[in-house]
Amino acid sequence: MTSSVKAVEARGITKRFGPTIALNGAEISITEGETHALIGRNGAGKSTLVSILTGLQRPDEGEIRFAGQPAPPPADRDAWRQRVACVYQKSTIIPTLTVAENLFLNRQTARGRINWRALRTRARGLLEQYGVDVDADAMAGDLGVEQRQLLEIARALSFGARFIILDEPTAQLDGPAIQRLFARMRALREQGVTMMFISHHLDEVYEICQSVSVFRDARHILTASVEDLPHDRLVDAMTGEATAAYEYRTRTADASAPVVLAARNLGLAGRFEGIDLAVRSGEIVGLAGSGSSGKVGLAETLVGLRKADTGTVTVNGTAVKGGDVPSTLRAGLGFVPQDRHHEGFVPLLSIAENATIPIAHKLGRFGMISPARRRERGDRMISQLDIKTTGPDQPVADLSGGNAQKVVLARALADDPKALVVINPTAGVDVKAKHSLLGAVEDAVDRGAGAVLVSDELDDLRICDRILVMFHGKIVKDVPRGWTDTELVAAMEGIDHS
Ligand SMILES: Nc1ncnc2c1ncn2[C@@H]1O[C@H](COP(=O)(O)OP(=O)(O)OP(=O)(O)O)[C@@H](O)[C@H]1O
């Protein structure tokens with residue numbers, strides 16, 4: 001299946017953003033028909049390389065070739081689309097258009113008006129050809145993440161691209177959905193499609209890729225076949241040093257500690273019902289379950305992003321107004337949302353501004369924030385959470401995805417919250433950064449907060465003192481520390497509800 005032809009070859013790629021050098025003479029070379037992983041710590045330059053390989057940004061220096069031919073001129077978008085496509089973590093699908101309209105967006109029609117009826121028929125044909133089980137007339141906004149990704153892949157292939165970049169495609173998928181995506185990737189590979197796969201999950205790299213390139217600090221560090229590269233060497237190449245595993249802390253449960261976050265008979269139509277929970281100061285309670293279990297909906301209701309149909313939420317003894325984030329924040333809650341791009345931070349504000357929004361009242365009198373104190377806070381967060389940046393004044397919009405994620409957590413922790421709700425806090429962050437994020441949650445709990453941690457990652461859930469497993473909108477099990485992966489997964493999949 002593999003040949004010696006290079007589907008893509010980039011050499012000597014340099015890209016600067018003001019004082020930041022995002023890529024420094026970087027290179028990548030992917031043999032046709034291979035699934036090739038690109039890995040590196042947050043801020044290593046992966047997304048920048050993607051935007052250059054897809055023609056969205058021009059490198060300051062360097063050369064790109066597709067199948068041995070020089071890359072098309074920057075303005076010829078159609079020519080780029082025929083060579084390469086990228087499925088981003090953030091969707092490029094337009095939610096207010098139908099699936100069919102999305103499939104044919106940006107496509108040159110030979111002449112005159114667009115015949116939508118014909119397009120719908122062609123769309124159905126395309127979806128069938130690529131085995132995508134989605135209604136062509138459905139509104140794209142109603143699709144789940146998994147269907148949306150399939151739609152994006154089908155769109156890419158229909159433009160003729162035989163090289164597809166998947167930028168952290170698994171970050172928002174649960175276990176079974178990841179396996180379905182991998183099955184599809186294997187099928188595409190059998191058809192000769194070349195893929196570049198970006199992920200912070202090294203086990204996925206071993207599962208689905210044949211070869212891997214590691215970037216570190218804007219440079220290419222190594223390329224190897226995955227078979228020849230042991231796991232610890234891969235991590236060392238990413239971090240530039242030997243990296244120890246995370247050390248989970250032990251805490252003794254104090255049954256007399258005050259309850260800082262409670263829900264009674266909480267219900268939201270179609271998502272979950274009859275939820276009772278109580279989180280005490282000094283404990284971390286996990287929420288686990290499949291994509292349809294209702295765990296994210298429940299967490300969003302606890303923080304006020306959604307308004308419950310039944311029941312009450314109490315934060316630190318105060319009954320909070322349903323569906324009202326400011327009221328939960330005032331009561332002493334900090335949270336990290338699932339959709340950080342919309343709810344997480346204000347992109348144009350600096351790191352220091354974002355990370356200190358909830359504590360404005362503490363940093364200066366009468367609502368005035370002293371810039372010096374704000375910077376000092378920002379600096380402290382940058383070092384605590386190991387944020388890769390030029391400094392506290394840098395706008396969050398300029399940070400890499402994983403580093404922006406750290407700002408969101410810094411913000412949730414800034415006001416020393418009594419209760420903390422964090423949803424998938426380590427999605428999109430690298431191995432080492434994961435440690436600083438989990439450590440920051442454990443620190444907050446050691447200082448007396450009570451936390452709810454929603455995660456699809458078993459490794460994250462290991463910091464929990466107990467885990468509430470959800471299935472079809474109900475809590476079906478309360479699992480204490482000491483579980484095995486198999487036990488927890490069985491409970492999450494509804495196999496064992498004893
Ligand atoms: N538009 C921009 N303006 C300023 N700096 C930028 C811009 N885009 C990226 N950078 C900087 O370039 C560097 C590389 O960022 P990039 O997004 O490519 O990293 P990444 O490897 O994709 O990280 P992650 O795993 O967190 O997504 C970072 O230091 C980032 O702050």
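Residue numbers (full-length UniProt numbering): 1 to 498. For each residue, glycine too, the CB sits at the ideal point set by N, CA and C.
field: Reduced DSSP category for Leu97 - H, G, I as helix; E, B as strand; rest coil
entry: coil
field: Closest Cα partner of Val421 within the set Gly131, Val336, Val132
entry: Val336
field: Spatial neighbours of Phe159 in its chain, beta-carbon cut-off 7 Å, leaving aside the 5 residues before and after
entry: Arg81, Gln82, Ala85
- request: Taking only the alpha-carbon atoms, compute the straight-line gap between Glu101 and Ser256 and give it to the nearest angstrom.
  value: 58 Å
- prompt: Hey, is Lys46 close to ligand 1, as in C-beta under 7 Å from one of its heavy atoms?
  reply: yes
- prompt: His200 by DSSP, collapsed to three states: which one?
  reply: coil
task: Could you tell me whether any non-hydrogen atom of ligand 1 is closer than 7 Å to the CB of Asn424?
output: no
query: Given a threshold of 16 other Cβ atoms within 10 Å of its Cβ, counted over all protein chains shown, does Arg365 qualify as buried or as exposed?
result: Unreliable placement is indicated for Arg365, whose pLDDT of 49 sits below 50; no coordinate value is reported for it.
Euclidean distance between Cα positions of Ser47 and Pro19: Rounded to the nearest whole angstrom, the C-alpha separation of Ser47 and Pro19 is 18 Å.
- request: Return the residue from the list Leu229, Gly317, Ser436, Tyr130 that minimises the CA-CA distance to Arg155.
  value: Tyr130
query: At a cut-off of 7 Å, is Ala427 close to ligand 1 when judged by its beta-carbon and the heavy atoms of the ligand?
result: no
Cβ contact check for the segment 256-267 and the segment 429-445: 3 or more pairs under 8 Å: no
Start and end residues, alpha helix (DSSP H) containing Gly125: 116-129
task: Could you tell me the boundaries of the alpha helix (DSSP H) in which Met238 lies?
output: 231-239
field: Per-residue DSSP class, three states only, for Leu399
entry: If DSSP states are grouped into helix, strand and coil, Leu399 belongs with coil.
- request: Identify whether Asp460 lies in helix, strand or coil by the three-state DSSP scheme.
  value: helix
- prompt: Who does Leu56 pair with in a DSSP beta bridge?
  reply: Paired residues: none, contrary to the question.
task: Please say whether Ala449 and Ser327 have beta carbons closer to each other than 8 Å?
output: no
task: Could you please give the first and the last residue of the uninterrupted alpha helix (DSSP H) stretch that includes residue 500?
output: Nothing can be reported for residue 500, as the shown portion of the chain is limited to 1 through 498.
message: What I want to know is whether the C-beta of Trp391 ends up closer than 7 Å to one or more non-hydrogen atoms of ligand 1.
response: The identity of residue 391 in the sequence shown is Gly, whereas the question assumes Trp. Outside the cutoff, so no.
- request: Given a cut-off of 8 Å, decide if Glu273 and residue 524 are closer than it, judged by their beta-carbon atoms.
  value: Here the chain comprises residues numbered 1 to 498, so residue 524 is not present and cannot be evaluated.
query: When DSSP builds the beta bridges, which residues end up paired with Leu302?
result: Per DSSP, none; premise fails for Leu302.
- prompt: Quick one: what's got a C-beta closer than 6 Å to Met470's C-beta in the same chain, skipping five residues either side?
  reply: Gly289, Ser293, Gly294, Lys295
message: Can you determine whether any heavy atom of ligand 1 sits closer than 7 Å to the C-beta of Lys243, and answer yes or no?
response: A small fix is needed here, since residue 243 is Thr in this sequence, not Lys. Answer for Thr243: no, Cβ out of range of ligand 1.
Contact check, Val214 vs Leu222, beta carbons under 8 Å: yes
task: State the beta-bridge partners of Ile221 as determined by DSSP.
output: According to DSSP, which records beta bridges pairwise, Ile221 is partnered with nothing at all.
message: Ignoring anything shorter than 3 residues, give me the beta strand (DSSP E) runs that lie fully in the segment 133-170, in order along the chain.
response: 163-167
- request: Could you name the residues of the same chain whose beta carbon sits closer than 7 Å to that of Val193, not counting the 5 residues immediately before and after it, in chain order?
  value: Here the set comprises Arg162, Ile164.
query: According to DSSP, is Arg271 helix, strand or coil?
result: If DSSP states are grouped into helix, strand and coil, Arg271 belongs with coil.
query: If you count every other CB in all the chains shown that lies within 10 Å of the CB of Phe17, and 16 or more means buried, which is it?
result: exposed
- prompt: How close, in whole Å, do the beta carbons of Ala75 and Phe104 come, if the pair is a contact with beta carbons under 8 Å?
  reply: 21 Å between Cβ atoms; not a contact.
- prompt: Where does Leu385 fall in DSSP's three states?
  reply: Coil, per DSSP.
field: Distance, Gly175 Cα to His201 Cα
entry: The C-alpha of Gly175 is placed about 12 Å away from the C-alpha of His201.
message: Let me check understanding here. Comparing Cα to Cα, which of Thr486, Asp485, Ala491, Cys464 lies closest to Lys477?
response: Ala491
field: Under 8 Å between C-beta atoms of Leu302 and Leu468
entry: Taking 8 Å as the Cβ cut-off, Leu302 and Leu468 do not qualify as a contacting pair.
field: As assigned by DSSP and simplified to three states, the class of Glu63
entry: strand
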